[in-house]
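In the working numbering, the protein residues as written are 3 to 142.
Glycine included, every Cβ here is placed at the ideal spot set by N, Cα and C.
Okay, so here's the structure we're looking at.
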Amino acid sequence: MDSGIELAKKSDIPLMLEFWRNTPGIELGGDDAESLVLFMQKNPSTCLIIRNEEEIIGTVLGGYDGRRAFIYHLAVHHAFRGKGYGKKLLDGVITQFEALKVEKIHLFVINDNHAAITFYAKQGWVKRQDITVFSFNPKK
Ligand SMILES: CC(C)(COP(=O)(O)OP(=O)(O)OC[C@H]1O[C@@H](n2cnc3c(N)ncnc32)[C@H](O)[C@@H]1OP(=O)(O)O)[C@@H](O)C(=O)NCCC(=O)NCCS
């Protein structure tokens with residue numbers, strides 16, 4: 003993996019949650035420490051972080067269900083944007099997925115997140131016109 007990128011650890015979770023809470027464009031959904039521990043256990047090679055001594059520079063979570071892979075919470079601290087960290091994290095998680103023989107990766111972007119849409123398009127990702135997303139909450 004590219005130097006500077008590390009596997010996120012359980013001990014990173016509180017800072018990661020705080021980082022995402024303060025990052026517009028990231029939808030926390032039901033994320034909490036417990037659900038993230040589970041996610042990391044299920045995806046031990048695809049939850050990545052870049053940081054310096056004081057703070058998180060960027061994160062990405064990759065999830066593979068055995069058929070398709072999904073990317074969540076790709077985020078770079080606003081003070082470090084435009085320096086290639088987003089691309090580095092995206093390339094890093096793709097490399098990890100490749101090692102798992104993943105065939106296709108999907109991700110969700112909120113429609114008005116134009117920065118992220120431009121970013122992904124620049125990285126060669128294709129915006130699907132042929133799919134509508136359905137969601138269902140079994141707890142309700
Ligand atoms: C999207 C995000 C991760 C990009 O991170 P970043 O570190 O600034 O991106 P990079 O510096 O690696 O940029 C890579 C390329 O994308 C382009 N790019 C990045 N942000 C862009 C923007 N807002 N508008 C246009 N182009 C952009 C860069 O110019 C660069 O292009 P180049 O390769 O031609 O030089 C960052 O803006 C972010 O954290 N946004 C908030 C969280 C978010 O919305 N995440 C996506 C959730 S789906």
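What is the DSSP secondary structure of residue i, reduced to helix, strand or coil?
{"i": "R23", "result": "helix"}
{"i": "A72", "result": "Per the sequence shown, residue 72 should be read as Phe rather than Ala. In the structure shown, F72 sits in a strand (DSSP, three-state: E or B)."}
{"i": "T61", "result": "strand"}
{"i": "H79", "result": "coil"}
{"i": "E55", "result": "coil"}
{"i": "L102", "result": "coil"}
{"i": "L91", "result": "helix"}
{"i": "E36", "result": "helix"}
{"i": "I148", "result": "Because the chain in this structure spans residues 3 to 142, residue 148 falls outside the shown range and cannot be described."}
{"i": "L50", "result": "strand"}
{"i": "L30", "result": "coil"}
Using a Cβ-Cβ cut-off of 8 Å, state whether residue i counts as contacting chain B.
{"i": "I28", "result": "The structure shown contains no chain B, having only a single protein chain."}
Between residue i and the rest of its own chain, which residues show a CB-CB distance below 8 Å, the 5 nearest in sequence each way excluded?
{"i": "G27", "result": "A77, I112, N115, A117 and A118"}
{"i": "L102", "result": "S47, T48, Y66 and A71"}
{"i": "K12", "result": "V39 and M42"}
{"i": "A35", "result": "I15, P16 and L19"}
Around the Cβ of residue i, are there at least 16 other Cβ atoms within 10 angstroms (buried) or fewer (exposed)?
{"i": "T48", "result": "buried"}
{"i": "V135", "result": "exposed"}
{"i": "Q98", "result": "buried"}
{"i": "H75", "result": "buried"}
{"i": "A10", "result": "buried"}
{"i": "V128", "result": "exposed"}
Contact check, residue i vs residue j under 8 Å by CB: the rounded distance?
{"i": "G64", "j": "I52", "result": "With 8 Å as the limit, G64 and I52 do not qualify as a contact, their Cβ atoms being about 14 Å apart."}
{"i": "Y87", "j": "G60", "result": "5 Å"}
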